[in-house]
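**Student:** Following this message is one structure expressed as C-alpha cells.
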C-alpha cells in the first residue's frame, strides 16, 4: 500500500512539473539578444570614462584641478595641465586597464567634465591600447549634449575669459611636470 | 586616434528591434517544421525515385539486368541513408527550439533565418573537423565504435519503412514478417558500440560512460521487450504491417485504447448482467495505458535520454562515451543517438498510436488514399499513396519526440542506483505481472 501511494504521489508530482514547464511555452523570452539589441542602460551606470566639452561652445570643460587624479584609488588618471595657461588641460591619460569604475572621479569633478558613459564595449588587442589619451577621451559636442541631458547635469556656463594673477601660474607651472612624467614612465614599463 | 571612437550605444547604434513574443515563436517553429519536412521528404523521395526508377531504366537500356535489379533492391537502403541525416539535423534543431520555448529563451537564431540552418552549419563544421585519435587509444576499435553504433539504426529502419509507405513501390520488400523482433534484435546492438567507444578511447570518463550504458541498456531492454511481448499477445502478430492495419478506422481503434476492445466498455453502463464483459474491457483499457507508459519510460532509458542520460552525464562524466570523439566520428554518434530516438518514437506510434492511419473513419482515409494514389499530373498517373501514411506516422512520431523533449526540460537526471533500482525492482516485476495479466485476459476471450 505504501508503494502504491508513493507511486501515485510521484506520478502526480511529475505531471504537475510537466504541466508547469508546459505553461512556460506561452511566455515571452526573458533573455536579451545582446548584439542585436543594446540594453537600455540607466544614467547612473558606470562604464567607460570620458571627458565632456561644453555642448554650446565646444570648449573643453577640464580645468586641470587634478582632484580626480588625487582621489583615484587605482591611480589610473594622469592629468597634465598646460604650463603656460592655468586652468586648461594639455594632456589627460586614463588607463582603463587599471580603472575599476568606482566613479569617485566623476563625483569629485567640479565641472562635470569627467563622466561615466554608457559605452561598455572597449575590448582591445593590447593593454597599451586601453590607455586612452585626451583625443580618445574627449567627446564631441553632440555627444556631450546627449550626456548632459541624459544624466540631467547642470549645463556649464562659458568660462570666464581672463584669469587674474599670472604670477601663480609661473610658480605652479614646474610642479606638475615631473609628477606627470614619472606617472607616464610607470605606465609604459 | 584623432577621431573619437566613442559611440553612444543607445543613441547612435542601429537599434534593430528583436522582440519575439511566444506566438511568433510558435509560428516560427511551425514554419521551421514545414521547411524541414519539405527538405526531408524532397531529398528522400528524389533518392528513392532515382534508385527505384531512373537508374534501373538506364541500366536496362544498356542491357545490365542484374545491376538494374540490384539498384532497385537498394532503393530502401538509399532512402534510409538520405532520410537519417536529414531527419537528424531537423531533430536536433527541433529539440533546441522546443527547449528554448520551454525554458523561456530565444533559442537558436543565428544561422539562417531564425536559426533554420543552424544544424546544417554544425554538420558541415563536424565534417570538416580534424579526425583526431588520442594517443593510447585502440585505433581499430576507436574507428569501429561509431560505425557499430550507427549501422543498427539504419538496419532497424527497414521494417518501419514498409509501415511508413504503406507497402508501395520498392518498399514492399521491407515488409518483414518478424518486424518487431527484427527491430528489437537490431536495436540492442548499439550498446556494443558505446562500450567499445568508451573502452577504446583510453579515458576514464569514456570508460565509465560505456560501463554505465551497458548496465542501463541491459536493465531497460527487459521491460521494453516484455511490454512489446504483451502487445504481440494482444494483437496476435509480430508483423508491423498487420499491427498497423489492425488499428484502422478512428482514434478509438488505436491500441492505446484497450486494443480494439473499447466497445466492451459499453456493457458497464447499465450495471447488471453484462457488467463482467464491461469490466473485462476496462481491464484492457488500464492494461494498455500501463503498457504504453512502461514502453515509453524504458524506451527513453534505452536511447539514453534525459532523465536517463547517465552514459553521457555531462555534469559527472565530461561527455561520457563520446568524450574523445571529434569530427565525423562524433557526428556519427550524434546521428545514431537521434536516429535511435526517432525509431523508438516511430515504433511507439506504430504499436500504440495507430501507426500510419488517420484518426478518422475508414471511408475518409480510403478516399484520401485513392485520390493520392491516382494522382494525374501532366497527363500521367502517379502513385503518391505513400505520402499519407508516412506523413501521419512522422507527425505522430514528432509528437512523441516533443514529449521526450518536454520531459527533458522538466526532470533532473536520476542517480545511478536509482536508475538500476527503478528498472530491476519496479519496472521488470511490474511488467512481468502485466504480461501474466495480459495472458489471462487474452485466454479468457
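Protein chains in written order, with my numbering: chain A, -7 to 181; chain B, 15 to 459.
Virtual Cβ for every residue (Gly too), placed ideally from N, Cα, C.
Strictly under 8 Å for the Cβ-Cβ distance: is residue 120(B) near chain A by that measure?
**Tutor:** Mapped onto the second chain, residue 120(B) falls at position 106. For residue 120(B), the answer is yes, since a Cβ of chain A falls inside 8 Å of its Cβ.
**Student:** With 16 other CB atoms within 10 Å as the buried threshold, where does residue 166(A) fall?
**Tutor:** Indexing the first chain from 1 puts residue 166(A) at position 174. With a pLDDT of 44 at residue 166(A), under the threshold of 50, the predicted position of this residue should be treated as unreliable, and no value is reported.
**Student:** So, does the CB of residue 241(B) fall closer than 8 Å to a CB anywhere in chain A?
**Tutor:** Position 227 of the second chain, counting from 1, holds the residue named residue 241(B). Chain A, which has no Cβ nearer than 8 Å to the Cβ of residue 241(B), makes this no.
**Student:** Helix, strand or coil for residue 147(A) per DSSP?
**Tutor:** Position 155 of the first chain, counting from 1, holds the residue named residue 147(A). Coil, per DSSP.
**Student:** Using only alpha-carbon positions, find the residue among 37(A), 43(A) and -2(A) that is nearest to residue 128(A).
**Tutor:** If you number the first chain from 1, residue 128(A) lands on position 136. Nearest C-alpha to residue 128(A): 43(A).
**Student:** Using only CA atoms, which one of 451(B), 50(B) and 168(B) lies nearest to residue 130(B)?
**Tutor:** The count along the second chain starts at 1 and reaches residue 130(B) at position 116. Residue 130(B) has its Cα closest to that of 50(B), out of 451(B), 50(B) and 168(B).
**Student:** Flag this pair as touching only if the segment 208 to 216 of chain B and the segment 269 to 280 of chain B have three or more C-beta atom pairs under 8 Å; answer yes or no.
**Tutor:** no
**Student:** Roughly how many angstroms separate the alpha carbons of residue 160(A) and residue 69(A), rounded to a whole number?
**Tutor:** The residue labelled residue 160(A) in the question sits at position 168 within the first chain. The residue labelled residue 69(A) in the question sits at position 77 within the first chain. In this prediction, residue 160(A) scores a pLDDT of 46, lower than 50, which makes its location untrustworthy; the coordinate-derived value is nonetheless stated afterwards. Their backbone Cα atoms lie some 24 Å apart in a straight line.
**Student:** From the DSSP output, read off the bridge partner residues of residue 70(A).
**Tutor:** Reading the first chain from its first residue, position 78 is the one you call residue 70(A). Beta-bridge pairing links residue 70(A) to 85(A).
**Student:** Residue 423(B) versus chain A: which residues are under 8 Å apart at the beta carbon?
**Tutor:** Within the second chain, the letter at position 409 stands for residue 423(B). Those are 13, listed as they occur along chain A.
**Student:** Our contact map puts residue 301(B) next to residue 190(B) with C-beta atoms below 8 Å; I'd like the distance itself, whole angstroms only.
**Tutor:** For the purposes of this step, residue 301(B) is identified with residue 287 of the second chain, where counting begins at 1. For the purposes of this step, residue 190(B) is identified with residue 176 of the second chain, where counting begins at 1. That belief does not hold up - the Cβ atoms of residue 301(B) and residue 190(B) are roughly 27 Å apart, past 8 Å.
**Student:** Among 101(A), 36(A), 98(A) and 121(A), which has the Cα closest to the Cα of residue 87(A)?
**Tutor:** For the purposes of this step, residue 87(A) is identified with residue 95 of the first chain, where counting begins at 1. Residue 87(A) has its Cα closest to that of 121(A), out of 101(A), 36(A), 98(A) and 121(A).
**Student:** How close, in whole Å, do the beta carbons of residue 354(B) and residue 204(B) come, if the pair is a contact with beta carbons under 8 Å?
**Tutor:** Here residue 354(B) corresponds to residue number 340 of the second chain, with the count starting at 1. Here residue 204(B) corresponds to residue number 190 of the second chain, with the count starting at 1. Indeed they touch by this definition, with Cβ atoms about 7 Å apart.
**Student:** Thinking C-alpha only, which one of 194(B), 136(B) and 113(B) is nearest residue 124(B)?
**Tutor:** To locate residue 124(B), count along the second chain from 1; it is residue 110. Here the closest residue by C-alpha is 136(B).
**Student:** Within this structure, are the beta carbons of residue 95(A) and residue 40(A) separated by less than 8 Å?
**Tutor:** Position 103 of the first chain holds residue 95(A). Position 48 of the first chain holds residue 40(A). Taking 8 Å as the Cβ cut-off, residue 95(A) and residue 40(A) do not qualify as a contacting pair.
**Student:** What residue range does the beta strand (DSSP E) around residue 395(B) cover?
**Tutor:** Here the question's residue 395(B) lines up with position 381 in the second chain. First-last of the beta strand (DSSP E) with residue 395(B): 394 to 396.
**Student:** Kindly list the residues whose CB is nearer than 7 Å to the CB of residue 133(A), restricted to its own chain and excluding five residues on each side of it in sequence; keep chain order.
**Tutor:** In the first chain, residue 133(A) corresponds to position 141, counting from 1. Hits under 7 Å: 45, 47 and 50.
**Student:** Per DSSP, which residues does residue 130(A) bridge with? Please list them.
**Tutor:** Position 138 of the first chain, counted from the first residue, corresponds to residue 130(A). Per DSSP, 43(A).
**Student:** Quick one: does residue 420(B) have its CB under 8 Å from some CB of chain A?
**Tutor:** Looking up residue 420(B) in the second chain gives position 406. Residue-level contact check: residue 420(B) touches chain A, since one or more beta carbons of chain A fall below 8 Å from its beta carbon.
**Student:** Step through the CB atoms of chain B and report whether any lies within less than 8 Å of the CB of residue 9(A).
**Tutor:** If you number the first chain from 1, residue 9(A) lands on position 17. So yes, residue 9(A) belongs to the interface.
**Student:** Go ahead and label residue 346(B) buried or exposed: buried means 16 or more other beta carbons lie within 10 angstroms of its beta carbon, across all protein chains shown.
**Tutor:** Indexing the second chain from 1 puts residue 346(B) at position 332. Burial call: buried.
**Student:** Can you find the residues in the same chain that come closer than 7 Å, C-beta to C-beta, to residue 147(B), ignoring five residues on each side of it along the sequence?
**Tutor:** As a first step, residue 147(B) is located in the second chain; it is residue number 133 there, counting from the start. If we look at residue 147(B) and ignore the five residues flanking it on each side, its Cβ neighbours are 153 and 156.
**Student:** Would you check if there are 3 or more beta carbon pairs closer than 8 Å linking the segment 324 to 332 of chain B to the segment 434 to 447 of chain B?
**Tutor:** no
**Student:** Using only the alpha-carbon positions, how far apart do residue 280(B) and residue 119(B) sit?
**Tutor:** In the second chain, the residue the question calls residue 280(B) occupies position 266. In the second chain, the residue the question calls residue 119(B) occupies position 105. Roughly 47 Å between the two C-alpha positions.
**Student:** Are the segment 55 to 66 of chain A and the segment 90 to 105 of chain A in contact at 8 Å, needing three or more beta carbon pairs?
**Tutor:** yes
**Student:** Is residue 336(B) helix, strand or coil when you go by DSSP?
**Tutor:** Along the second chain, one-based indexing puts residue 336(B) at 322. Here residue 336(B) sits in helix by DSSP.
**Student:** So, does the CB of residue 84(A) fall closer than 8 Å to a CB anywhere in chain B?
**Tutor:** Taking the first residue of the first chain as 1, we reach residue 84(A) at position 92. No - not a single Cβ of chain B is within 8 Å of the one on residue 84(A).
**Student:** Can you grab the Cα-Cα spacing for the pair residue 44(B) / residue 416(B), in whole Å?
**Tutor:** For this step, residue 44(B) is matched to residue 30 along the second chain. For this step, residue 416(B) is matched to residue 402 along the second chain. Spanning the two alpha carbons is a distance of roughly 13 Å.
**Student:** My assumption, with CB atoms under 8 Å, is that residue 193(B) sits in contact with residue 232(B). Please give the rounded CB distance.
**Tutor:** One-based indexing of the second chain puts residue 193(B) at position 179. One-based indexing of the second chain puts residue 232(B) at position 218. Not confirmed; about 23 Å, so no contact.
**Student:** By the three-class DSSP mapping on this structure, what secondary structure does residue 108(A) have?
**Tutor:** For this step, residue 108(A) is matched to residue 116 along the first chain. Of the three classes helix, strand and coil, the one that applies to residue 108(A) here is strand, per DSSP.
**Student:** Identify, in the order they occur along the chain, each residue of the same chain with its Cβ nearer than 7 Å to the Cβ of residue 388(B), setting aside the five sequence neighbours on each side.
**Tutor:** Start at 1 with the first residue of the second chain, and residue 388(B) comes out as number 374. The beta carbon of residue 388(B) lies closer than 7 Å to those of 395 in the same chain, with the five residues before and after it left out.
**Student:** May I have the straight-line CA-CA distance separating residue 444(B) from residue 222(B), to the nearest angstrom?
**Tutor:** Here residue 444(B) corresponds to residue number 430 of the second chain, with the count starting at 1. Here residue 222(B) corresponds to residue number 208 of the second chain, with the count starting at 1. Whole-angstrom Cα-Cα distance: 29 Å.
**Student:** So does the segment 370 to 378 of chain B actually touch the segment 414 to 428 of chain B, counting three or more Cβ pairs closer than 8 Å?
**Tutor:** no
**Student:** Kindly indicate if chain A contains any beta-carbon less than 8 Å away from that of residue 115(B).
**Tutor:** On the second chain, position 101 is the one that residue 115(B) refers to. At least one chain A Cβ lies under 8 Å of residue 115(B).
**Student:** Output the distance between the C-alpha atoms of residue 24(B) and residue 370(B), rounded to the nearest integer angstrom.
**Tutor:** Stepping through the second chain from its first residue, residue 24(B) is reached at position 10. Stepping through the second chain from its first residue, residue 370(B) is reached at position 356. With a pLDDT of 45 at residue 24(B), under the threshold of 50, the predicted position of this residue should be treated as unreliable, though the coordinate-derived value follows. Straight-line Cα distance between these residues: approximately 55 Å.
**Student:** In or out: residue 67(A) buried (at least 16 other Cβ within 10 Å) or exposed?
**Tutor:** Stepping through the first chain from its first residue, residue 67(A) is reached at position 75. Exposed: under 16 other Cβ atoms inside 10 Å.
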